[in-house]
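Trainee: Attaching a single structure in structure tokens format; questions to follow.
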Amino acid sequence: MYPALPLKHLAYYVLCLWIWVRQTALEWRDRAKQALRSHAPVLFARLGGLVPTRGVSPRPPTVLGLIVTDFSPQTHFQALARILTWAHFQGYKAVLVYDPSGSLKEQRAALESQPQLATLPGTLNIQAGWGGPPLDTVPGVQESVTSHETRVVLLAAEDSEWPLDAAAAGCGAEAKAESANAAPDTPPRTHSDMLAQALAAPDRLRRRLVTAAGPAAGLDPDFLVVFGPVLGLGGFPAWAARSCEIYFGGPLCQASGSKLQSILRRHARTKLRHGR
3 MYPALPLKHL AYYVLCLWIW VRQTALEWRD RAKQALRSHA PVLFARLGGL VPTRGVSPRP
63 PTVLGLIVTD FSPQTHFQAL ARILTWAHFQ GYKAVLVYDP SGSLKEQRAA LESQPQLATL
123 PGTLNIQAGW GGPPLDTVPG VQESVTSHET RVVLLAAEDS EWPLDAAAAG CGAEAKAESA
183 NAAPDTPPRT HSDMLAQALA APDRLRRRLV TAAGPAAGLD PDFLVVFGPV LGLGGFPAWA
243 ARSCEIYFGG PLCQASGSKL QSILRRHART KLRHGR
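Residue numbers (our numbering): 3 to 278.
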């Protein structure tokens, strides 16, 4: 038999146990509150809707990118008209439609004559290639177009090549001019100078592309939807797909507003999950 503990020792042990249990419960409560605050928006978004909390809800997309790799004029004009109608009513300011074969770009008039597009309220501007009427400001092109106007840019494979060649030629001429005008006693570039130049490279490339190809070349799609039997971008302009999400929409003939709405919800959940 073990000797019985004095009553004051027993009371001391019980008090210590109670203090430890209470402190542990408070710590777990704080952790649960923090986890709930950080994960509740994502959980609500997965259940079917975004939480309209200030600073949490992502910016609504305004530029849509479409890649059509198996375009057939006989069957796909109506499907593409449905997509453009959906984008117009969703408030998109611009839609980049890329067809590597170039047949869609050559048949712009046939797309414009679709009855579904002719009855749209507001304006739907369809242009072939990068060239088009100038926009107010290129970096903020999403806000520069009126609220009832949607610009559709039809692109082909050559539209993803010649702007880069023109921008590279301009870069080479600028580098030659800088080296010719440099003073003999110019100090060598430091690591911070090279880092600053690397960070400014994307904006510098955008300005050169806009100068070479027009204001529409400065558009950045919020996300890309690929239609057709491919698992890639099919030559879509690389500078425009640098920081956007990519989704696969299946055959173009099966495209509908409900399918695009589902892709839009997935895109919103992704942006909400990563806090963008």
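Ideal Cβ positions, reconstructed from N, Cα and C, are used throughout, including at glycine.
(1) Whole angstroms is fine: what's the gap from residue 75's alpha carbon to residue 242's?
(2) For residue 129, does the three-state DSSP call read helix, strand or coil?
(3) Shortest alpha-carbon distance to residue 264 belongs to which of 18, 250, 111?
(4) Rounded to a whole number of angstroms, what is the C-alpha to C-alpha distance between residue 225 and residue 260?
(5) Which residues in the same chain as residue 152 place their Cβ atom closer than 8 Å to its Cβ, once the five residues preceding and following it in sequence are excluded?
(6) Tell me the rounded alpha-carbon separation between residue 110 and residue 154.
(7) Could you please give me the residues that DSSP links to residue 68 through a beta bridge?
(8) Please report how far the alpha carbon of residue 247 lies from the alpha carbon of residue 63, in whole angstroms.
(9) Do the CB positions of residue 221 and residue 23 come within less than 9 Å of each other?
(10) Could you say which of 274, 240, 230, 234 lies nearest to residue 81 if we only look at CA atoms?
(11) Apply the 10 Å Cβ neighbour rule to residue 69 and answer buried if 16 or more other Cβ atoms are within range, or exposed otherwise.
(12) I'd like to check one pair, residue 234 with residue 228: are the Cβ atoms closer than 9 Å?
(13) Return the CA-CA distance between residue 30 and residue 17, expressed in angstroms with no decimal places.
(14) In or out: residue 78 buried (at least 16 other Cβ within 10 Å) or exposed?
(15) Can you look up residue 250 in the DSSP assignment and give me helix, strand or coil?
(16) Are the beta-carbon atoms belonging to residue 73 and residue 122 less than 9 Å from one another?
(17) Tell me whether residue 192 sits in a helix, a strand or coil according to DSSP, three-state version.
(18) Pop quiz: residue 169 and residue 214 are said to be a contact at Cβ under 8 Å. What is the actual Cβ separation, rounded to whole angstroms?
Mentor: According to the structure data:
(1) On the sequence shown, position 73 is the one that residue 75 refers to. On the sequence shown, position 240 is the one that residue 242 refers to. Roughly 26 Å between the two C-alpha positions.
(2) Along the sequence shown, read from residue 1 onward, the residue named residue 129 stands at position 127. Three-state result, residue 129: strand.
(3) To locate residue 264, count along the sequence shown from 1; it is residue 262. Selected option, being the one with the closest Cα: 250.
(4) Reading the sequence shown from its first residue, position 223 is the one you call residue 225. Reading the sequence shown from its first residue, position 258 is the one you call residue 260. The straight-line gap from Cα to Cα measures roughly 17 Å.
(5) Your numbering for residue 152 matches position 150 in the sequence shown. Answer for residue 152: 86, 89, 90, 94, 95, 96, 97, 124, 125, 126, 127, listed in chain order.
(6) Along the sequence shown, one-based indexing puts residue 110 at 108. Along the sequence shown, one-based indexing puts residue 154 at 152. CA-to-CA, the gap between residue 110 and residue 154 works out to about 10 Å.
(7) Here residue 68 refers to the residue found at position 66 of the sequence shown. Paired residue(s): 99, 227.
(8) Counting from 1 along the sequence shown, the entry for residue 247 is found at position 245. Counting from 1 along the sequence shown, the entry for residue 63 is found at position 61. Going by the C-alpha atoms only, they are around 11 Å apart.
(9) Reading the sequence shown from its first residue, position 219 is the one you call residue 221. Reading the sequence shown from its first residue, position 21 is the one you call residue 23. For the pair residue 221 and residue 23, the CB atoms are not nearer than the 9 Å cut-off.
(10) For the purposes of this step, residue 81 is identified with residue 79 of the sequence shown, where counting begins at 1. Across the set 274, 240, 230, 234, the C-alpha of 230 shows the shortest separation from the C-alpha of residue 81.
(11) Your numbering for residue 69 matches position 67 in the sequence shown. Classification for residue 69: buried.
(12) For the purposes of this step, residue 228 is taken as residue 226 along the sequence shown, with counting starting at 1. For the purposes of this step, residue 234 is taken as residue 232 along the sequence shown, with counting starting at 1. Yes, the pair counts as a contact, with Cβ atoms nearer than the cut-off.
(13) Looking up residue 30 in the sequence shown gives position 28. Looking up residue 17 in the sequence shown gives position 15. Taking the CA atoms as reference points, residue 30 sits about 20 Å from residue 17.
(14) Position 76 of the sequence shown holds residue 78. Residue 78 counts as buried, since no fewer than 16 other beta carbons sit within 10 angstroms of its beta carbon.
(15) Indexing the sequence shown from 1 puts residue 250 at position 248. Looking at residue 250 - three-state DSSP - the assignment turns out to be strand.
(16) Translated into positions along the sequence shown, residue 73 becomes position 71. Translated into positions along the sequence shown, residue 122 becomes position 120. No; because the gap between Cβ atoms is not below 9 Å, this pair is not in contact.
(17) The sequence position of residue 192 within the sequence shown is 190, counting from 1. Coil.
(18) Here residue 169 refers to the residue found at position 167 of the sequence shown. Here residue 214 refers to the residue found at position 212 of the sequence shown. Their Cβ separation, rounded to whole angstroms, is 5 Å, which keeps residue 169 and residue 214 in contact under 8 Å.
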